[in-house]
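Before any comments, here is the structure.
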Amino acid sequence: MKFALILGASGDIGQACARRLASKGWSLYCHYHQNETRVKTLIENLEKKYPRQDFFSLQLDMTDEKRIEAFTAQLFEVDAVIVASGQTIYKLLTDTTSREMDQLWQMMVKTPMLICQKVQEKLARKKGSIVFIGSVYGISGSAMEVLYSTLKGAQHAFVKAYGQESASLDITVNAIAPGAVRTHMNYHWTEEETRQLLSEIPANRMAEADEIAAVVQFLLGEHARYITGTIIPVTGGWKV
Ligand SMILES: NC(=O)c1ccc[n+]([C@@H]2O[C@H](COP(=O)([O-])OP(=O)(O)OC[C@H]3O[C@@H](n4cnc5c(N)ncnc54)[C@H](OP(=O)(O)O)[C@@H]3O)[C@@H](O)[C@H]2O)c1
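First residue of the sequence shown? That's 201 in this note's numbering, and the numbers climb one at a time after it.
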């Protein structure tokens, strides 16, 4: 049985990854921060559909470094880690506080690195894989999201470097860089803002969360064992 840890399984992309991987026989550790109900409901549904697989819920505030040890101690076998947790802050760099920089760095970069450090041995035993949900903004950058773009770029750099370092352990490390995905991260946009955005995307639509999950599934599969240290844009032709 294969086990994946999904960080941010309470988020829209994390939920899509969980549903898709469960349908392919994976057992899952489903992480959440505040949205316990969403993960519990997901697990109830998955347990009904796939009674032979195991589904666990795990809570962690990824800005709280002290709790990482206890969090990873709950993991038994790990074949894959999917980092689908994240948050953006829309504001000018001049309005961004030092505390926001520290917290977002901790949540989006440092904690995932510490978790990778702690599960490396387990991943190495299972020819494991790590997939970050990065962002096209980590490649192109975006005004009003300077901090977020910087941290997505850092996630991509980690993937490139750690992919090289862990290749001899037979661990693959990759990132998917989505463009705009139809998730609640984007629901606050006005109709006009959405129209403007879609006019810039050659495919003229946002991605569905499951289109990102499908690439995650591919990267965790046998046929992707030679792919490591790469960033795969999934953007409908936008900004690449
Ligand atoms: N949506 C897009 O258009 C888009 C495009 C490119 C890249 N991405 C990236 O894809 C990833 C998933 O995005 P999404 O659209 O699925 O976002 P989402 O629905 O807002 O989910 C965000 C996830 O991050 C978790 N999280 C937030 N703060 C946390 C903290 N302090 N500690 C631990 N977990 C925390 C949330 O947990 P709780 O809900 O339980 O609090 C939730 O599971 C993010 O990294 C995002 O940057 C998204």
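Every residue gets a Cβ at the ideal spot worked out from N, C-alpha and C, and that includes glycine.
The continuous alpha helix (DSSP H) containing ILE213 extends over residues 212–223.
In this chain, GLN253 is not harboured by any beta strand (DSSP E), its DSSP state being neither H nor E. Taken through DSSP and simplified to helix, strand or coil, ILE339 comes out as helix. DSSP places PHE276 outside both helix and strand once states are collapsed to three, so it counts as coil. Rounded to whole angstroms, LEU420 and THR430 show a C-alpha spacing of 14 Å. In the DSSP assignment, GLU244 forms no beta bridge with any residue. The alpha-carbon of TRP389 is positioned some 42 Å away from that of ASP370.
Per DSSP, reduced to three states, the secondary structure at THR372 is strand. For GLY437, the closest of LEU397, ARG425, GLU321 and ALA414 by C-alpha to C-alpha distance is LEU397. SER285 sits in coil when the DSSP states are folded into three classes, being neither helix nor strand.
If you keep only unbroken alpha helix (DSSP H) runs of at least 4 residues inside the region 293–358, you get 298–305, 311–325 and 337–340. As DSSP reads the structure, THR435 sits in no beta bridge. Assigned with DSSP and collapsed to three states, TYR232 falls in strand. A heavy atom of ligand 1 is found nearer than 7 Å to the CB of GLN234. In this structure, ligand 1 has a non-hydrogen atom nearer than 7 Å to the beta-carbon of GLY208. The criterion of a C-beta distance shorter than 8 Å is not satisfied by VAL331 and ALA377. The residue among GLY286, ARG425 and THR428 with its C-alpha nearest the C-alpha of HIS384 is GLY286. With a cut-off of 7 Å, the C-beta of VAL381 is classified as near ligand 1, since at least one heavy atom of the ligand falls inside that distance. C-alpha of GLU345 to C-alpha of ALA424: approximately 32 Å in a straight line.
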